[in-house]
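S.K.: Numbered according to the numbering used here, the sequence shown spans residues 3 to 581.
Pasting in a structure now, in structure tokens, and then I'll have a few things to ask.
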Amino acid sequence: MRKRTGIILAGVVLLLIIVTGVYAGIGLYYQTHFFEYTTINGIDVSDLTAEEAESLIRTEAEDYTLTVRTKEGTEEQIRGDAIGYRFVSKGEVQGFLDGQAYLAWLPKYFGGPNLYTMTASVTYDETLLTEAAAGLACMQADQVTPPADAHLEQQNGQYVIVPEVEGNQLDGAKVEQTLRTAVEAGETQVDLQEKNCYLLPQVRAEDGELKAEAAVRNKYSSLTVTYNLGGGVQEILDAATIAAWFSLDENKQPVFDRSAVGAWVNQLADNYDTIGKSEPFVTSNGETVYVEARTYGWQMDRESETEALYQMLCAGESGERSPVWYEGAASRGQNDIGNTYVEIDYTNQRLWYYKDGVLLVETPVVTGNVSAGHASPEGIFCLVGKSEDETLKGEGYSTPVEYWMPFYGGVGIHDADTWRDTYGGDIYQWGGSHGCINTPTAQVAVIYQNIEIGTPIVCYSSGINYGYQQVSGGGAANGGSGAAGNGAANGGDGSGAAGNGAANGGDGSGAAGNGAVNSGGSGDIVILDGGSDNGGNGGNGAGGTSGGVTQGVTDNGVPYTGEDLQDVEILGESTFDIP
């Protein structure tokens, strides 16, 4: 029994010795050979010595090909021999082998693969690799579509978002670096899209800032402004013009080119301002004259209007507006005057006053003394005030008047019967005023009672002398009665009285202290029809010549001309050096 036990024990020991010897022998084998399932840079070197592994790696290197995959799924190859690719041993393989715990071959066998990577085990020509990369079809310009950012585009008057273009343009530097890394690692395939080698659009259609910009641009590029310029005249500032002035600053805030806004306003003012321009005017005698609008007319406050329009646009507001005017007029048309105005003809020393198209006053006047350099100003002016019982003062004179209506500096319309008994004719040439419009008191009273501040005063020198003569006492307003200090011509009921003399019409009755002139209408001039005394008792004056005479027209009702005036009676002449 003991013997058998000894034999068994000896057998076990012997078996253990044999097994141990075999295990150790195999371990000694793996002292010079790589374990099973060992790879270096992806090359299977199982059971190979370091020398054999280096030889295999060198052989594999000679057959090296790097496959390059694009985003479109196409593939291109770069062969190792095209880039001077070859294996160079630096002892890494022997180092991997020396690092094996060769007696642990059995656990390693069942423990999974042994993967080694060498980072500097090959060499290649970098210049050749650069050339190979540049030569790839996917790098050629005719094969490349650059990426494009999503952006705004104006279509049919609206800003829309044009989506981004992905494109297929590669980042050359990044491609070269990616290939270099792959080659150095011995990789046989590289995906350029996975390696983020493509250039990408930086702004996409869903970008919040782009959407916000589209909304702002659509708001500000659709603005319109309708200008009401008076008299029903309008000017449209359209969206296209405004859009050309609009932009966004660095903070995407709307801004407008203020200089462009100002240029547009200046052009608008140039087109519609009338002050400073000569306007056509049809006179009471039917003549067309051109008169400069001096203080009456349209004149835009360009700076204020530019600022107002600029602020309106910056606020994103469409709408209507009327410009900021320095001056405005009653209407907008050929001359902006309308049908209420005073007309003064210096050549013919005549004044007309129309209100709402009705002639209220027609009278001779005396204007500024031409020989003394006091000629009354020409132009279209605006009545700037009206007052009663004023004293007009100037160098060498101080003159009280009942009615004062200034229209240009110290020049205005006022009564003058207290020192002047004759009006019209050529008195103004040598005995005129200091520039004011001397007017018979009766007529100036009618003007004063009806006129409003702001009424246009049209002053011009006619190119035609219609032959109006000097008239004593001036005359009465149409359809009314009047009295004056030096003389009055009364219409309507024909009654009247005067301190120095009276001219009576209608029923032909009248009395006068020194003399009388009889008239039937306005009393400005008298057209004689033969001189029969059918006007009643004219006192001790020259009356009885005009009881039924029509004044200012010929017998057949046609406005008189110079030829018609050959029988006009000149009633008197006086010279006064007053305003």
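Ideal Cβ positions, reconstructed from N, Cα and C, are used throughout, including at glycine.
Computed from a predicted structure; not experimentally measured.
Could you give the first and the last residue of the continuous alpha helix (DSSP H) run that contains R260?
M.R.: That run of the alpha helix (DSSP H) goes 260–274.
S.K.: Let's see if you can read the secondary structure: which residues bound the beta strand (DSSP E) around N116?
M.R.: 116–118 is the extent of the beta strand (DSSP E) around N116.
S.K.: Report yes if the CB atom of P203 is closer than 8 Å to the CB atom of E155, and no otherwise.
M.R.: No, the Cβ-Cβ distance between P203 and E155 is not below 8 Å.
S.K.: Leaving aside the five residues before and after A216 along the sequence, list all residues of the same chain whose C-beta is less than 8 Å from its C-beta, in chain order.
M.R.: Only L154, Y161, V162, I163 meet the Cβ criterion.
S.K.: Between L16 and K5, what straight-line distance do the alpha-carbon atoms span, to the nearest angstrom?
M.R.: Going by the C-alpha atoms only, they are around 16 Å apart.
S.K.: So the candidates are Y222, V446, D209, V473; which of them puts its Cα closest to the Cα of P256?
M.R.: Cα-wise, what sits closest to P256 is Y222.
S.K.: What are the start and end residues of the beta strand (DSSP E) that includes M407?
M.R.: That run of the beta strand (DSSP E) goes 399–410.
S.K.: Just to confirm the assignment, what range does the beta strand (DSSP E) spanning G359 have?
M.R.: It is not in any beta strand (DSSP E) - G359 carries neither H nor E in the DSSP assignment.
S.K.: Based on the DSSP secondary-structure assignment, which residues constitute the bridge partners of I9?
M.R.: In DSSP, I9 forms no bridge with anything.
S.K.: Using DSSP bridges, identify the partner residues of M314.
M.R.: According to DSSP, M314 bridges with nothing at all.
S.K.: Report the three-state DSSP secondary structure of L16 (helix, strand or coil).
M.R.: Note: L16 maps to helix in three-state DSSP.
S.K.: What residues in its chain sit with their C-beta under 7 Å from that of V403, if we drop five residues either side in the sequence?
M.R.: Only E392, L394, H416, D417 meet the Cβ criterion.
S.K.: Excluding the 5 residues preceding and the 5 following L239 in the sequence, name in chain order all residues of the same chain whose CB lies nearer than 6 Å to its CB.
M.R.: Excluding sequence neighbours, L239 sits near V227.
S.K.: Out of L117, V146, G86, point me to the one whose CA is closest to E74's CA.
M.R.: Answer by Cα proximity: V146.
S.K.: Taking all protein chains shown into account, decide if L181 is buried (16 or more other Cβ within 10 angstroms of its Cβ) or exposed.
M.R.: Result: buried.
S.K.: Are the beta-carbon atoms of I346 and I439 separated by less than 8 Å?
M.R.: Contact: yes.
S.K.: Is it the case that the segment 301–308 contacts the segment 407–414, given that we only count it when at least three CB pairs across the two stretches are under 8 Å?
M.R.: The segment 407–414, when compared against the segment 301–308, does not touch it at the 8 Å Cβ threshold.
S.K.: E322 lies in the beta strand (DSSP E); which residues open and close that run?
M.R.: Note, E322: beta strand (DSSP E), 321–323.
S.K.: Tell me the start and end of each unbroken alpha helix (DSSP H) in the segment 172–255 that is at least 4 residues and wholly inside, in chain order.
M.R.: Listed in chain order, they are 174–187, 210–222, 241–247.
S.K.: Tell me whether C461 sits in a helix, a strand or coil according to DSSP, three-state version.
M.R.: Strand, per DSSP.
S.K.: Apart from the five residues just before and just after N260, which ones in its own chain have a Cβ nearer than 6 Å to its Cβ?
M.R.: One point to set straight first is that residue 260 is Arg, not Asn, in the sequence displayed. Taken in chain order, the residues that qualify are Y312.
S.K.: Check W300 in the structure and name its three-state DSSP category.
M.R.: Three-state result, W300: coil.
S.K.: My output table needs one value for T41: the three-state DSSP class, helix, strand or coil.
M.R.: Reduced to three states, the DSSP call for T41 is strand.
S.K.: Please report the Cβ distance between A52 and L99, rounded to the nearest whole angstrom; I am assuming they are in contact, meaning their Cβ atoms lie under 8 Å.
M.R.: Confirmed, about 5 Å.
S.K.: Taking the continuous beta strand (DSSP E) assigned at V291, which residues delimit it?
M.R.: Where V291 is concerned, the enclosing beta strand (DSSP E) stretches over 290–294.
S.K.: How far does the alpha helix (DSSP H) with Q96 in it extend, from its first residue to its last?
M.R.: Note, Q96: alpha helix (DSSP H), 94–100.
S.K.: So, for E237: in the same chain, excluding its five sequence neighbours on each side, which residues have a beta-carbon less than 7 Å away from its beta-carbon?
M.R.: Hits under 7 Å: Y229, L231, L270.
S.K.: Tell me which residue opens and which closes the beta strand (DSSP E) that G381 is part of.
M.R.: Counting along the chain, the beta strand (DSSP E) containing G381 begins and ends at 381–384.
S.K.: Tell me which same chain residues have a C-beta within less than 7 Å of the C-beta of W247, skipping the five on either side of it?
M.R.: Once the five neighbours on either side are set aside, the close Cβ partners of W247 are F258, D259, A262, V263.
S.K.: Is DSSP giving E62 helix, strand or coil here?
M.R.: Helix at E62.
S.K.: State the Cα-Cα distance for the pair Y31 and R71, rounded to the nearest angstrom.
M.R.: Whole-angstrom Cα-Cα distance: 42 Å.
S.K.: Name, in chain order, the residues that DSSP records as bridge partners for V372.
M.R.: Answer is none; V372 lacks a bridge partner.
S.K.: Mind checking E211: buried by the 16 CB within 10 Å criterion, or exposed?
M.R.: The residue is exposed, with fewer than 16 neighbouring Cβ atoms inside 10 Å.
S.K.: Kindly indicate which three-state DSSP category T22 falls into: helix, strand or coil?
M.R.: Looking at T22 - three-state DSSP - the assignment turns out to be helix.
S.K.: Is V326 near the ligand NAD, in the sense that its beta carbon is under 7 Å from a heavy atom of that ligand?
M.R.: Of the ligands one can find in the structure shown there are none, so the ligand NAD has no counterpart to examine.
S.K.: Mapping DSSP to helix, strand and coil, what is I415?
M.R.: Three-state result, I415: strand.
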